[in-house]
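Heads up, the thing below is written out as structure tokens.
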Amino acid sequence: MVSRVARLARIHIDEERLEPMAQELSAILSWIEQLNEVNTDAVEPLASVTGHALPLRDDVVTDGNTPEAVVHNAPETTSGFFVVPKVVE
Amino acid sequence: MTDLLTMTAVEARAALDDKSISAVELTEAYLGAAQATEALNAYTEITHDKARDMAKASDARLAKGEGGALEGLPIGVKDLFCTEGVETTACSNILNGYKPVYESTVTQNLWTDGAVMLGKLNCDEFAMGSANETSARGKVSSPWTVDGDGQDYAPGGSSGGSAASVAARSSLMATGTDTGGSIRQPAAFCGVVGIKPTYGRCSRRGIVAFASSLDQAGPIARTVEDSALMLQSMVSHDLGDSTSVAEPMPDLMGQINDGIKGLKVGIPSEYTMDGMADEITAQWQEGRKWLEDAGATCVEVSLPHTKYALPTYYIVAPAEASSNLARYDGVRYGARVEGGSLDEMYANTRAAGFGEEVTRRILIGTYVLSAGYYDAYYIKAQKTRRLIQNDFIEVFKEVDLLLTPATPSAAFPLGQKDVDPVTMYLNDVFTVPASLAGVPAMSVPSGLASNGLPLGLQLIAPSFREDTLVKAGRVVEKAAGFAAIASRAAGV
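Just so you know, the protein sequences line up as chains Z and C, in that order.
In case it helps, our numbering puts the first sequence at residues 1 to 89.
In case it helps, our numbering puts the second sequence at residues 1001 to 1492.
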């Protein structure tokens, strides 16, 4: 289970950490399972506490044209672009 | 110098106005105190030059009679807030070297009102922790000690550096953030005041995201008045945060000493747990008496889903964290660790950059959101969250305020072995419910445990009733008469 989830999360886990991590995660998940006692039939899931609808604004450019600022903290850039490892052979 | 450090923010602000002290003197005193208490590791960076420049500018504004509400008051900033040009890492190695090109809305509000930035304060990595032990910048020691045992105690977390520095007098006030108790629990452990305002009061723009439906900024300060003064400046309606609210903030300082005559206070019977120390219960009963003596009526109330708050939180918060932290991919910020492919580069970068607790929570979050488990865990938790919020909505039809203990125990020694994650999570058992419901809450120091460490009481108000919160907080503060000073505070 851990190696599958780690792959989804894009985090490399060393082989020897897989088993201890599996135990820690199972302990947390089995503690969480007490939620099964709660009757939630006909309860609407709550995603936001405010009850406000998200505000809308006109779909126009409000900032930008600052490529230097955008890439300022990137580990590798060229001419205002992010550089990533080659993905197409 | 010691006199400067013992003033409250309200006193210092008045002294700046009547010119008995200058902003530069006050700032120098705090920079000296930050240096003198370096062993606590509360600061990740002290921004000396910036502090001095800002203090000079404050003195110039004060001389012209143009001082803002926080003019010249030296404030420390939790390392979760983006500060323009000043390294901001959320105390994670994955953000090493990250210098934001913009300022968070909350810190900008403070500077606009004249506050002086002292530096960045240590916290748990991405605010995930209850002892400030998960920080990539090292543990923070509480300035409080227990006579004769020679141990370092946890300042609480995640805003551990913030609470420790306010208690150690190395900052006059500090910003914190609270996702499940990260302001209130460290404030209680360090004998200072902490407020988590209503969700949406403080803009999240420029705060490194942990769990966006829960994250709220708030003040940590020495007195209830100081925390109210600072909170008033922190809040704003910000179009840069889609969940920022437009509800006007009541004038807190104008009514903070109005008292609570006629207020109805609920004492929730579920806020207790197995093995909770008798002195926590005794403190809680004393708090009830203080409120009654001030003219409030206290009644027993029930919030029946309280025991499910913590497991609900440990689904919702990691789920949101796993999504928020997906952005740390070695492309846009911080460090990169190369790999044979793009996917390997991501996996190696994230393995090197995230600490253990953060990794654990990302994995839990990824699991509960993954195909086949989403309904059983994530939707279930969102439904339980609604029941928890309904508990608060129902109880606030009967009462104006709730009184509970802030934490189930006083601070524990740092570096305890064999503490499993779930045991650590239980620290937040009394603070998490208000976070899930989005309602404002504060912790106020109320006394000392038998070993001499601080204890705190928690007040919880209905949404947008920070005014009730600070009025009641002021009553508790006056009745408690908490005057103890941490043994490792500057100038002690």
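Idealized CB from N, CA, C, for every residue including glycine.
Pop quiz: A1335 (chain C) and I1094 (chain C) are said to be a contact at Cβ under 8 Å. What is the actual Cβ separation, rounded to whole angstroms? Indeed they touch by this definition, with Cβ atoms about 7 Å apart.
Under the three-state reduction of DSSP, which class applies to G1266 (chain C): helix, strand or coil? Reduced to three states, the DSSP call for G1266 (chain C) is strand.
Drop a sphere of 10 angstroms on the beta-carbon of F1081 (chain C), count the other beta-carbons inside from all chains shown, and report buried for 16 or more, exposed for fewer. By the 10 Å Cβ count, F1081 (chain C) comes out buried.
Any beta carbon of chain C sitting closer than 8 Å to that of T78 (chain Z)? Not one chain C Cβ lies under 8 Å of T78 (chain Z).
Chain-ordered chain Z contacts of Y1199 (chain C) [CB-CB under 8 Å]: The contact set of Y1199 (chain C) on chain Z, defined by CB atoms closer than 8 Å, consists of V49, T50 in chain order.
In the DSSP assignment, what residue or residues form a beta bridge with K1196 (chain C)? When DSSP reads this structure, K1196 (chain C) sits in a beta bridge with C:A1441.
Selection from C:C1091, C:Y1378, C:T1223, C:M1054 that minimises the alpha carbon distance to W1111 (chain C): The shortest Cα separation from W1111 (chain C) among C:C1091, C:Y1378, C:T1223, C:M1054 belongs to C:M1054.
As an exercise, report each continuous alpha helix (DSSP H) stretch of at least 4 residues that is fully enclosed by the region 1433-1483 of chain C, in chain order. Taking only runs of at least 4 residues, the alpha helix (DSSP H) segments lying wholly in the region 1433-1483 of chain C are 1466-1480.
Any chain C beta carbon closer than 8 Å to A74 (chain Z): Yes, its Cβ sits closer than 8 Å to a Cβ of chain C.
Closest by C-alpha distance to G1262 (chain C), when choosing among C:V1299, C:A1090, C:S1242: The shortest Cα separation from G1262 (chain C) among C:V1299, C:A1090, C:S1242 belongs to C:V1299.
Does A1228 (chain C) come out as helix, strand or coil in the three-state DSSP assignment? In this structure, A1228 (chain C) counts as helix in the three-state DSSP scheme.
Give the secondary structure of G1032 (chain C) by DSSP, where H, G and I count as helix, E and B as strand, and everything else as coil. Helix, per DSSP.
Just to confirm the assignment: which complete alpha helix (DSSP H) runs, minimum length 4, are found wholly within the region 1072-1130 of chain C? Listed in chain order, they are 1105-1112.
Could you tell me the distance, in whole angstroms, from the CA atom of M1 (chain Z) to the CA atom of V1316 (chain C)? Our two residues, M1 (chain Z) and V1316 (chain C), have alpha carbons roughly 20 Å apart in a direct line.
Option in C:D1278, C:W1284, C:P1250, C:M1276 with minimal Cα separation from G1266 (chain C): It is C:W1284 whose Cα lies nearest to the Cα of G1266 (chain C).
For A1335 (chain C), three-class secondary structure by DSSP: Per DSSP, reduced to three states, the secondary structure at A1335 (chain C) is coil, with no helix or strand assignment.
Do you know whose CA, among C:S1322, C:M1273, C:R1137, lies nearest L1040 (chain C)'s CA? By alpha-carbon distance to L1040 (chain C), the top candidate from C:S1322, C:M1273, C:R1137 is C:R1137.
When you compare only the Cα positions, how much space is there between E33 (chain Z) and E1357 (chain C)? Each residue's Cα considered, the two are about 20 Å apart.
With a threshold of 8 Å between beta-carbons, can V88 (chain Z) be considered close to chain C, or not? Closer than 8 Å: no.
Label L56 (chain Z) either buried or exposed according to how many other C-beta atoms from any shown protein chain fall within 10 Å of its C-beta, with 16 as the threshold for buried. Burial state of L56 (chain Z) is exposed, judged by a 10 Å Cβ sphere holding fewer than 16 other Cβ atoms.
Below 8 Å on the Cβ atoms is my contact criterion, and I expect L1303 (chain C) with D1391 (chain C) to pass it. Report the Cβ-Cβ distance as a whole number of Å. Indeed, because the Cβ distance is near 4 Å, the residues count as touching under 8 Å.
Determine whether the Cβ of P45 (chain Z) lies closer than 8 Å to any Cβ atom of chain C. True, the Cβ-Cβ gap to chain C drops below 8 Å.
In this structure, how does DSSP classify A69 (chain Z) when only helix, strand and coil are distinguished? Residue state, collapsed to three classes: helix.
Where does Q1151 (chain C) fall in DSSP's three states? Correct three-state label for Q1151 (chain C): coil.
V1116 (chain C) to P45 (chain Z), Cα distance in whole Å? Approximately 43 Å between the Cα atoms of the pair.
From the beta carbon of F82 (chain Z), is the nearest beta carbon of chain C less than 8 Å away? It does; some Cβ of chain C falls within 8 Å.
Buried versus exposed call for D1278 (chain C) [16 or more other C-beta atoms within 10 Å across all chains shown]: Label assigned to D1278 (chain C): exposed.
Which residues bound the alpha helix (DSSP H) around Y1425 (chain C)? That run of the alpha helix (DSSP H) goes 1421-1425.
Mind checking N1257 (chain C): buried by the 16 CB within 10 Å criterion, or exposed? The residue is exposed, with fewer than 16 neighbouring Cβ atoms inside 10 Å.
For L1402 (chain C), the first and last residue of its enclosing beta strand (DSSP E): Where L1402 (chain C) is concerned, the enclosing beta strand (DSSP E) stretches over 1401-1405.
Show which residues of chain C have a CB atom less than 7 Å away from the CB atom of L18 (chain Z). Here the premise fails: no neighbours, minimum Cβ distance about 11 Å.
Could you check whether the region 1320-1334 of chain C touches the region 1392-1403 of chain C, counting it as contact only if at least three pairs of C-beta atoms, one from each stretch, sit closer than 8 Å? The region 1320-1334 of chain C vs the region 1392-1403 of chain C: no contact.
Nearest-angstrom beta carbon gap, V1192 (chain C) and G1160 (chain C) [assumed within contact, 8 Å]: Between G1160 (chain C) and V1192 (chain C), the beta carbon gap of about 12 Å keeps them out of contact (Cβ cut-off 8 Å).
Under 8 Å between the Cβ atoms of C1190 (chain C) and V1166 (chain C)? Yes, the Cβ-Cβ distance between C1190 (chain C) and V1166 (chain C) is below 8 Å.
From the beta carbon of T6 (chain Z), is the nearest beta carbon of chain C less than 8 Å away? First, the amino acid is wrong: residue 6 (chain Z) is Ala here, not Thr. Yes, its Cβ sits closer than 8 Å to a Cβ of chain C.
Residue from C:A1187, C:G1067, C:V1245 with nearest C-alpha to C1202 (chain C): Minimum Cα-Cα distance from C1202 (chain C) among the listed residues C:A1187, C:G1067, C:V1245 corresponds to C:V1245.
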